[in-house]
Amino acid sequence: MRKFLFVSIIAAVWTVCFNSCTDDTIGTSISDIQSAIIQDSSFVLTGKTVRNSHLRSRSSIQLLGNINAQGYGTLSSDVVAQFMPTTTIDTVGVHGGDQWIDSCFITMRVAMGDFTGDSLTPMRLSVYELNQPLPSPIYTDFNPSGYYNTGDLMGSVTYSANQMVRDTLVTTTGATSIYYEINVPVSVDYARAIFNQYKINPATFETPAEFAEFFPGIYITNSYGQGRVMNFYDIEFVTYYRKYEKRADDTDTIYPGTKQSYMAVTPEVLYNNNIDLEPDDAVRAMVEAGDAIVMGPAGYEVEVDFPIQDIINNFKAGSKDGLGVVNNLAMELPVEKVPNKYDIAPPKYLLMVKKSYRDEFFDKDTLTNNKDAFYAEYDASTSSYIFGGMRDYLLDVMKKNGGDVSEKDVEFVIMPIDVTKFTNTTSYSYYYSSSSTSEVVTKIAPAISRPSIAKLRLDKAKVKLVYSRQSVY
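So my numbering is basically just the index in the sequence shown, starting at one, shifted up by 31.
Right, dumping it as structure tokens:
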């Protein structure tokens with residue numbers, strides 16, 4: 032559908048021109064210039080569902096557990112991870128050497144309510160020592176077999192989502208968030224070995240790669256129970272030891288239970304969610320019937336042909352009698368929820384990326400540029416995603432190809448993603464104090480942090496071109 036709005040103007044500044052401008056218009060009376068704002072949403076979006084279980088695991092979430100949800104499918108995920116070592120281990124006052132190290136734990140943290148499934152189901156996780164460094168790059172279909180031995184069990188613990196240690200985190204902005212901990216007791220020999228290695232060769236702790244040669248990492252798997260997947264965001268190796276100090280009154284004391292983290296899983300090191308997802312028969316039937324399904328983690332994506340050639344053709348035809356300026360290009364993509372056992376929701380974010388650019392986008396850990404890739408956040412109030420800011424994509428295609436598009440300009444992939452944002456707070460004062468906050472996207476990765484599913488209504492997608500046309504009469 033096209034909508035035309037004609038307005039008289041006194042003056043106009045046109046920033047982008049696609050039809051030739053000649054001196055014939057110079058000296059024309061201003062009253063003879065008319066401007067039309069044209070909205071064209073007559074475009075059709077087509078696509079198909081494809082399966083993709085081979086994704087770069089760049090999420091900051093460690094997904095652990097398994098569920099079987101009617102209307103969704105069967106999902107299981109375990110974790111392999113290397114560690115970022117501390118650069119300094121406290122040895123001052125540890126007069127008993129490694130014998131003053133009394134205990135150690137692998138501590139895993141999860142935000143309150145950050146799980147899918149049954150909170151009461153008892154489950155058991157087991158932690159194994161890796162016997163070699165992880166491969167790089169690493170993908171969601173990675174098989175840890177051969178990287179650990181079943182005899183190298185470091186520790187295990189039984190837990191449920193409502194029976195973990197509760198604590199509160201205070202952020203730099205003063206906000207508080209509640210999280211829970213699982214503490215897996217491991218042999219104190221691990222902490223003692225790390226302590227002694229630091230004393231003998233502290234260079235081991237200078238880089239993650241050096242440290243991985245000494246301690247390759249861990250494999251965490253669900254060893255008992257079914258019905259929940261947890262979204263852990265932090266894994267640390269914590270030790271408790273005794274420390275001698277001399278007090279101000281010149282008396283001696285030994286402090287028991289001194290705590291230090293020797294190593295942690297951080298974004299700088301290799302880690303991976305090893306995912307096995309089998310869609311439910313009902314979901315498979317939808318795909319076979321031609322429905323456009325996005326499903327995560329490591330499930331379904333949708334390949335679409337974006338109607339960029341039709342958009343260019345309509346723009347040229349609509350502005351051939353005057354001077355055309357592209358104002359905006361955007362797409363509203365409605366979705367339907369897929370009924371399922373645990374009310375698994377549509378993905379929080381979707382990425383629309385050129386198929387030819389997709390691998391480079393993730394391999395180089397880049398962000399969207401509004402020419403080759405765009406992202407949108409799910410709006411629950413309208414059950415849709417809005418991909419805005421596509422104007423630069425249109426202008427780039429017209430500039431490079433003169434309006435004749437190639438397959439690379441047409442073929443896109445729409446897929447679930449995880450988006451990491453940094454909230455920046457700026458404080459200022461003049462007559463009174465004030466502050467402002469802004470969010471900056473710092474990372475985009477394939478969505479492997481939690482289950483999601485939705486049906487994209489490509490047939491109801493609204494691709495809308497808005498442009499201005501100046502005509503002289």
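Note that beta-carbon positions come from the ideal geometry of N, C-alpha and C, so glycine has one too.
Output yes or no for whether 9 Å exceeds the beta carbon distance between E160 and I225.
no
Would you say I69 and V497 are within 9 Å of each other, going by their C-beta atoms?
Cβ atoms of I69 and V497: closer than 9 Å.
I'd like to know whether the C-beta atoms of A234 and M115 end up nearer to each other than 9 Å.
no
Continuous beta strand (DSSP E) assignments of at least 3 residues falling wholly in the region 150-199:
154-161 and 179-190
C-alpha distance - A376 paired with G330, whole-angstrom precision
14 Å
Less than 8 Å between the CB atoms is what I'm expecting for K368 and A485, so what's the real figure, rounded?
7 Å
Residues bridged to I386 [DSSP beta-bridge criterion]
In the sequence as displayed, the identity of residue 386 is Lys instead of Ile. The partner list for K386 (beta bridge, DSSP) is empty, contrary to what the question assumes.
If distances are taken between C-alpha atoms only, which option among T189, S157 and M195 comes closest to T181?
Comparing Cα positions, the closest option is S157.
When the Cα atoms are used, what is the spatial distance from N371 to Y103?
Spanning the two alpha carbons is a distance of roughly 6 Å.
In angstroms with no decimal places, state the Cα-to-Cα distance between S91 and K430.
38 Å
Do R488 and L381 have their beta-carbon atoms positioned less than 9 Å apart in this structure?
Taking 9 Å as the Cβ cut-off, L381 and R488 do not qualify as a contacting pair.
Three Cβ pairs or more, each shorter than 8 Å: is that satisfied between the region 395-412 and the region 171-187?
no
State the CB to CB distance for the pair E244 and D336, rounded to an integer number of angstroms; the pair is presumed to be in contact (CB under 8 Å).
Actually they do not touch by this definition, with Cβ atoms about 48 Å apart.
Tell me which residues share the same chain as S107 and place their Cβ nearer than 6 Å to its Cβ, disregarding the 5 neighbours each side in the sequence.
For S107, where only same-chain residues beyond five positions count, the Cβ hits under 6 Å are N97 and D307.
By the three-class DSSP mapping on this structure, what secondary structure does L489 have?
helix
Taking the C-alpha atoms as reference points, what is the distance between Y275 and G127?
9 Å
Round the Cβ separation of P477 and F393 to the nearest angstrom and send it over; I've been treating them as touching at under 8 Å.
Right, their Cβ atoms sit about 7 Å apart.
Could you name the residues of the same chain whose beta carbon sits closer than 8 Å to that of P168, not counting the 5 residues immediately before and after it, in chain order?
R87 and D394
Tell me, please, which residues DSSP counts as bridged to N99.
The partner list for N99 (beta bridge, DSSP) reads T105.
Count the CB pairs spanning the region 349-356 and the region 142-149 that are closer than 8 Å, and state whether there are at least three.
no
Let me confirm a value: G58 is counted as buried when at least 16 other C-beta atoms fall within 10 Å, else exposed. Which label applies?
Caution applies to G58, whose pLDDT of 38 falls short of 50 and renders its modelled position unreliable; the value that the coordinates give is listed next. Exposed: under 16 other Cβ atoms inside 10 Å.
DSSP beta-bridge partners for D440?
DSSP output for D440 lists no bridge partner at all.
Classify S483: buried if its beta carbon has 16 or more other beta carbons within 10 angstroms, exposed otherwise.
By the neighbour-count rule (16 or more Cβ atoms within 10 Å), S483 is buried.
If you run the structure through DSSP and keep just helix, strand and coil, what is D265?
Three-state DSSP puts D265 in a strand.
Relative to the C-alpha of D129, which candidate in P153, R223, A100 and G433 has its C-alpha closest?
R223
Is V450 near the ligand FAD, in the sense that its beta carbon is under 8 Å from a heavy atom of that ligand?
This structure lacks the ligand FAD; in fact it carries no ligand of any kind.
Residues near I311 in its chain [Cβ-Cβ closer than 7 Å; skip 5 each side]:
The sequence shown places Asp at residue 311, not Ile. Here the set comprises Q101, G102, Y103 and G104.
So what does DSSP say about M446, is it helix, strand or coil?
Three-state DSSP puts M446 in a strand.
Pull up the distance between the alpha-carbon of H256 and that of V188, whole angstroms please.
In the sequence on display, residue 256 carries Gly and not His. Just so you know, the alpha carbons of G256 and V188 end up roughly 12 Å apart.
So, with DSSP's three-state summary, where would you put P233?
helix
Which class does N345 belong to by DSSP, given the choice of helix, strand or coil?
helix
Smallest Cα separation from S412: which of Y388, V366 and D423?
V366
Whole angstroms are fine: how far does the CA of L360 sit from the CA of E391?
25 Å
Between which two residues does the alpha helix (DSSP H) harbouring K239 extend?
According to the sequence displayed, residue 239 carries Pro and not Lys. Judged by DSSP secondary structure, P239 falls within the alpha helix (DSSP H) whose first and last residues are P239 to F245.
Looking only at its chain, what residues have a beta carbon closer than 7 Å to the beta carbon of A43, apart from the 5 residues adjacent to it on each side?
For A43, the predicted model reports a pLDDT of 35, less than 50, meaning its position is unreliable and no value from the coordinates is stated.
Nearest-angstrom Cα distance between D54 and L354?
Note that D54 scores a pLDDT of 32, beneath 50, so its modelled location is shaky; the value from the coordinates is reported in the next line. Rounded to whole angstroms, D54 to L354 spans 13 Å at the Cα level.
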